[in-house]
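Numbering (our numbering), first residue to last: 1 to 101. Built from N, CA and C at the ideal position, the CB exists for glycine as well.
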Amino acid sequence: MDLMSGTIYEVLAVKIFYPIFGFAAPPADQKAENEACLDLLAKYEKAFLSDGKKFVAGDSISIAEYKAIPLLYACMQPAVEKKTGFKMPARMVKYVEDAMK
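Shown next as C-alpha coordinates:
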(Lines of atoms letter the chains of each structure in order from A and count residues from 1; the text may use other names and numbers.)
(Lines give C-alpha, C1' and ligand atoms only; values in the text may rest on other atoms or scores of the structure.)
Protein backbone atom coordinates (compact mmCIF):
# COMPACT_ATOMS: atom_id res chain seq x y z
CA MET A 1 0.00 0.00 0.00
CA ASP A 2 2.93 2.33 0.57
CA LEU A 3 3.71 2.07 -3.13
CA MET A 4 0.24 3.37 -4.01
CA SER A 5 0.24 6.05 -1.29
CA GLY A 6 3.67 7.36 -2.16
CA THR A 7 5.36 6.83 -5.47
CA ILE A 8 2.35 5.93 -7.61
CA TYR A 9 0.21 8.68 -6.09
CA GLU A 10 2.88 11.28 -6.90
CA VAL A 11 2.79 10.36 -10.59
CA LEU A 12 -0.73 8.99 -11.13
CA ALA A 13 -2.58 11.71 -9.27
CA VAL A 14 -0.30 14.73 -9.23
CA LYS A 15 1.09 14.39 -12.77
CA ILE A 16 -1.75 12.66 -14.65
CA PHE A 17 -5.23 13.52 -13.41
CA TYR A 18 -4.83 16.42 -10.95
CA PRO A 19 -3.96 18.86 -13.77
CA ILE A 20 -7.09 17.82 -15.69
CA PHE A 21 -9.28 18.21 -12.59
CA GLY A 22 -7.75 21.64 -11.88
CA PHE A 23 -5.82 20.64 -8.74
CA ALA A 24 -2.28 21.08 -10.12
CA ALA A 25 -0.34 22.56 -13.00
CA PRO A 26 0.41 20.21 -15.90
CA PRO A 27 3.87 18.63 -15.92
CA ALA A 28 6.54 20.00 -18.24
CA ASP A 29 6.82 16.65 -20.05
CA GLN A 30 3.47 14.83 -20.05
CA LYS A 31 4.73 11.97 -22.21
CA ALA A 32 7.55 11.22 -19.76
CA GLU A 33 5.11 11.28 -16.83
CA ASN A 34 2.75 8.94 -18.70
CA GLU A 35 5.61 6.49 -19.27
CA ALA A 36 6.71 6.74 -15.64
CA CYS A 37 3.15 6.00 -14.51
CA LEU A 38 2.86 2.98 -16.80
CA ASP A 39 6.14 1.65 -15.41
CA LEU A 40 4.96 2.09 -11.81
CA LEU A 41 1.62 0.43 -12.54
CA ALA A 42 3.43 -2.52 -14.14
CA LYS A 43 5.47 -2.88 -10.94
CA TYR A 44 2.29 -2.71 -8.85
CA GLU A 45 0.69 -5.39 -10.99
CA LYS A 46 3.74 -7.64 -10.77
CA ALA A 47 4.04 -7.20 -7.00
CA PHE A 48 0.38 -7.46 -6.01
CA LEU A 49 -1.80 -8.78 -8.85
CA SER A 50 0.27 -11.57 -10.35
CA ASP A 51 -0.38 -15.30 -10.26
CA GLY A 52 -4.02 -14.84 -11.24
CA LYS A 53 -4.89 -12.76 -8.17
CA LYS A 54 -8.02 -10.68 -8.62
CA PHE A 55 -7.15 -8.28 -5.78
CA VAL A 56 -4.11 -7.53 -3.63
CA ALA A 57 -5.20 -10.06 -0.98
CA GLY A 58 -6.46 -12.66 -3.47
CA ASP A 59 -10.10 -13.13 -4.42
CA SER A 60 -11.51 -10.76 -1.80
CA ILE A 61 -11.34 -7.00 -1.77
CA SER A 62 -9.11 -5.58 0.96
CA ILE A 63 -8.22 -2.21 2.43
CA ALA A 64 -5.57 -1.88 -0.29
CA GLU A 65 -8.29 -1.50 -2.90
CA TYR A 66 -9.88 1.35 -0.96
CA LYS A 67 -6.68 3.33 -1.58
CA ALA A 68 -5.89 2.19 -5.12
CA ILE A 69 -9.26 2.04 -6.87
CA PRO A 70 -10.31 5.71 -6.50
CA LEU A 71 -6.98 6.88 -7.92
CA LEU A 72 -7.08 4.42 -10.79
CA TYR A 73 -10.74 5.18 -11.52
CA ALA A 74 -10.06 8.92 -11.67
CA CYS A 75 -7.24 8.32 -14.10
CA MET A 76 -9.47 6.17 -16.34
CA GLN A 77 -11.84 9.02 -17.18
CA PRO A 78 -12.12 9.84 -20.89
CA ALA A 79 -11.12 13.49 -20.36
CA VAL A 80 -7.85 12.37 -18.78
CA GLU A 81 -6.91 10.20 -21.74
CA LYS A 82 -8.03 12.85 -24.22
CA LYS A 83 -6.02 15.66 -22.61
CA THR A 84 -2.91 13.74 -21.47
CA GLY A 85 -2.67 10.79 -23.84
CA PHE A 86 -2.45 8.47 -20.82
CA LYS A 87 -4.18 5.14 -21.38
CA MET A 88 -4.73 2.90 -18.38
CA PRO A 89 -3.31 -0.61 -18.88
CA ALA A 90 -5.92 -3.32 -19.48
CA ARG A 91 -5.07 -5.18 -16.26
CA MET A 92 -5.63 -2.06 -14.18
CA VAL A 93 -8.96 -1.43 -15.93
CA LYS A 94 -10.00 -5.01 -15.08
CA TYR A 95 -8.83 -4.50 -11.48
CA VAL A 96 -11.05 -1.41 -11.14
CA GLU A 97 -14.01 -3.09 -12.84
CA ASP A 98 -13.73 -6.13 -10.57
CA ALA A 99 -13.64 -3.93 -7.47
CA MET A 100 -16.74 -2.03 -8.58
CA LYS A 101 -18.91 -5.14 -8.98
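What's the C-alpha gap between residue i and residue j?
i: Ala57; j: Ala47; result: 11 Å
i: Ala79; j: Ala36; result: 20 Å
i: Tyr73; j: Asn34; result: 16 Å
i: Tyr18; j: Cys75; result: 9 Å
i: Lys43; j: Glu10; result: 15 Å
i: Lys94; j: Leu38; result: 15 Å
Excluding five sequence neighbours on each side, which residues of the same chain lie with their C-beta closer than 6 Å to the C-beta of residue i?
i: Lys83; result: Ile20
i: Pro26; result: Pro19
Which class does residue i belong to by DSSP, given the choice of helix, strand or coil?
i: Gly58; result: strand
i: Gly6; result: helix
i: Asp51; result: coil
Which two residues bound the contiguous alpha helix (DSSP H) that contains residue i?
i: Thr84; result: 78-84
i: Phe96; result: The displayed chain sequence assigns Val, not Phe, to residue 96. Its alpha helix (DSSP H) spans residues 90-99.
i: Ile16; result: Careful: Ile16 lies outside any alpha helix (DSSP H) and carries neither H nor E.
i: Lys67; result: 63-75
Count the other CB atoms within 10 Å of the CB of residue i; is the residue buried (16 or more) or exposed (fewer)?
i: Glu65; result: buried
i: Lys15; result: buried
i: Ile69; result: buried
i: Met100; result: exposed
i: Ala28; result: exposed
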